[in-house]
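Colleague: Residue numbers (our numbering): -10 to 495. Beta carbons: idealized from backbone N, C-alpha and C, even for Gly. This one's a predicted model, so the numbers in the text were calculated from it and none came from an experiment. For reference, the structure I am asking about is given below.
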């Protein structure tokens, strides 16, 4: 083995062992069905916010943002701005009512709100689809990281991450993963903050020409250049990121773990602070990459800037130690996000599929067995796809997942929480319109279909047309089918919007 690979290998092993150890420790708290799905709804806001930060800051955040900024300049700041602002929208419109619904998953909410098993089944398919679309870049990023850090074949990363995630998810469910993800947020923050500060000092002492301020233009410049197509791409990306957050299954399921709606709101406020603190640092790496890492752009390796920059700027032991630290952070990013997604997808598969094939072993034992079988399915499929597919860029893959979520679950949640006249027929038609529109565009992107001009822009960033299409379809079909509005809708909405203080006083 090359001596340069030792720090990275040690970092990967340390993160893996620590992750399994914390997950095993959390296993002793997982005794009931509610523990597996929502940690018995007892997670306090600070712990939950750290866990959300751990699972939300994925490969796209840890590696992709710096790479995008290096290639595209400061206008690519729309990505971290959008990923953070999505939680503000979620805080104002969705967090507390969703927690008060009492559901375990998004399909549970849809069935409780609309009284339709057909809508529930459609939501289950979408949760699995969005979850797998989001899992794919995590496994691809793991392969990229291990290839860069220790010279391992690219297929090693997806297999290692898949196995570790399965061990943790199958052992203790949501209760166990909560502790793991909270630890991993602080590890990821440290893995960016410490190297960034050290490398800034190196740049100041180096005297090399060039400014780490980074961009030739303003941060608000369209992400695809000048003109109408660039403006469309920018606004479509903003729509996807701002409105897609509330529809991500691994984000939504976290709010079911809070004790009540007030705790869900407090959790979201803390999350906003934690995300803002994290996103200060990827632009620092990108700015330094403008001085020291231009060859990475020429070689098409911008996604590994965070991993390569310490070695480019520092020789000897110092550079290798910093490389080991950022490798640990990157690996934690893959593990934490993949774990959250696996929990969300496994929960849906358990309720709708595997619970039917597990024999009676007592209520808790049967659910645990069904959940573990579902976890194997939830993880294995995207691992296989990651092994067979080419890398299309971690940030781009995640942006497509946001577009699908914004075009399906965002309209369902917004109208389901705030509009009494939503019907099951309207919801189903809207989910189909948004899902086929944004999902079809995502599939075409993944298989490598390319175009030019407006066709390429509409395909690459579908949210600006697929999200309004889904909203309009849900509203129009609901208005055309008023007799299908559930009789309990008014009562259900009162429940969603009644603060716990009033319920206790009553």
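1. Check whether the Cβ atoms of residue 467 and residue 415 sit closer than 9 Å, and answer yes or no.
2. Could you tell me the alpha carbon to alpha carbon distance between residue 424 and residue 115, rounded to whole angstroms?
3. Using C-beta distances below 7 Å, list every residue in its chain close to residue 301, excluding the 5 sequence neighbours before and after it, in chain order.
4. Is the stretch 443 to 452 touching the stretch 129 to 144, taking contact as three or more C-beta pairs under 8 Å?
5. On a Cα-Cα basis, can you pick out the residue from 400, 155, 363, 329 that is closest to residue 40?
6. How far does the alpha helix (DSSP H) with residue 37 in it extend, from its first residue to its last?
7. Please name the residue in 247, 242, 417 whose C-alpha comes closest to that of residue 470.
8. Taking three-plus beta-carbon pairs below 8 Å as touching, is the stretch 98 to 115 in contact with the stretch 287 to 297?
9. What is the rounded straight-line gap between the Cα of residue 361 and the Cα of residue 164?
10. Which of the three DSSP states, helix, strand or coil, is assigned to residue 340?
11. Where does residue 221 sit, in a helix, a strand or coil, going by DSSP?
12. If you draw a straight line from the alpha carbon of residue 294 to that of residue 457, how long is it in whole angstroms?
13. Could you tell me the boundaries of the alpha helix (DSSP H) in which residue 241 lies?
14. Which word fits residue 113, buried or exposed, when buried means at least 16 other C-beta atoms lie within 10 angstroms of its C-beta?
15. Which one of 118, 145, 406 has the shortest CA to CA distance from residue 237?
16. For residue 484, I'd like the list of residues in its chain whose CB is within less than 8 Å of its CB, leaving aside the five on either flank, ordered along the chain.
17. Let's see if you can read the secondary structure: which residues bound the alpha helix (DSSP H) around residue 486?
18. Let me check understanding here. Comparing Cα to Cα, which of 96, 123, 121, 120 lies closest to residue 110?
19. Could you name the residues of the same chain whose beta carbon sits closer than 7 Å to that of residue 388, not counting the 5 residues immediately before and after it, in chain order?
20. So is residue 309 buried or exposed if we call it buried at 16+ other beta carbons inside 10 Å?
21. Which of the three DSSP states, helix, strand or coil, is assigned to residue 247?
22. Near residue 326, what residues of its chain come up, given a Cβ to Cβ distance below 6 Å and the 5 sequence neighbours on each side ignored?
23. By a C-beta neighbour count over all protein chains shown, 10 Å radius and 16 as the cutoff for buried, is residue 239 buried or exposed?
24. Between 276, 428, 395, which lies nearest to residue 65 when the distance is taken from Cα to Cα?
25. Hey, could you find the ends of the alpha helix (DSSP H) residue 134 is sitting in?
26. At what residues does the alpha helix (DSSP H) containing residue 64 begin and finish?
27. May I have the straight-line CA-CA distance separating residue 151 from residue 3, to the nearest angstrom?
28. Give a yes or no on whether the C-beta atoms belonging to residue 336 and residue 169 are separated by under 9 Å.
29. List the endpoints of the continuous alpha helix (DSSP H) containing residue 409.
30. Measuring CB to CB, does residue 304 end up less than 9 Å from residue 123?
31. Cα separation between residue 270 and residue 184?
32. Relative to the C-alpha of residue 409, which candidate in 433, 473, 358 has its C-alpha closest?
33. Is the beta carbon of residue 147 closer than 9 Å to that of residue 129?
34. Contact check, residue 171 vs residue 149 under 8 Å by CB: the rounded distance?
Modeller: In terms of the structure at hand:
1. yes
2. 8 Å
3. 281, 282
4. The stretch 443 to 452 and the stretch 129 to 144 do not touch, with fewer than 3 CB-CB distances between them shorter than 8 Å.
5. 329
6. 34 to 45
7. 417
8. no
9. CA-CA distance, residue 361 to residue 164, rounds to 14 Å.
10. helix
11. Reduced to three states, the DSSP call for residue 221 is helix.
12. Spanning the two alpha carbons is a distance of roughly 36 Å.
13. It spans 238 to 244 - the alpha helix (DSSP H) in which residue 241 sits, taken as one unbroken run.
14. buried
15. 118
16. 89, 90
17. 478 to 486
18. Nearest in C-alpha terms to residue 110, of all of 96, 123, 121, 120, is 96.
19. 226, 229
20. buried
21. In the three-state DSSP reduction, residue 247 falls in the coil class, being neither helix nor strand.
22. 44, 47, 127
23. buried
24. The shortest Cα separation from residue 65 among 276, 428, 395 belongs to 276.
25. 106 to 139
26. Counting along the chain, no alpha helix (DSSP H) covers residue 64, and no H or E run does either.
27. 17 Å
28. no
29. Here residue 409 belongs to no alpha helix (DSSP H), and DSSP marks it neither H nor E.
30. no
31. 10 Å
32. 473
33. yes
34. No, residue 171 and residue 149 are not in contact; Cβ-Cβ is about 22 Å, not under 8 Å.
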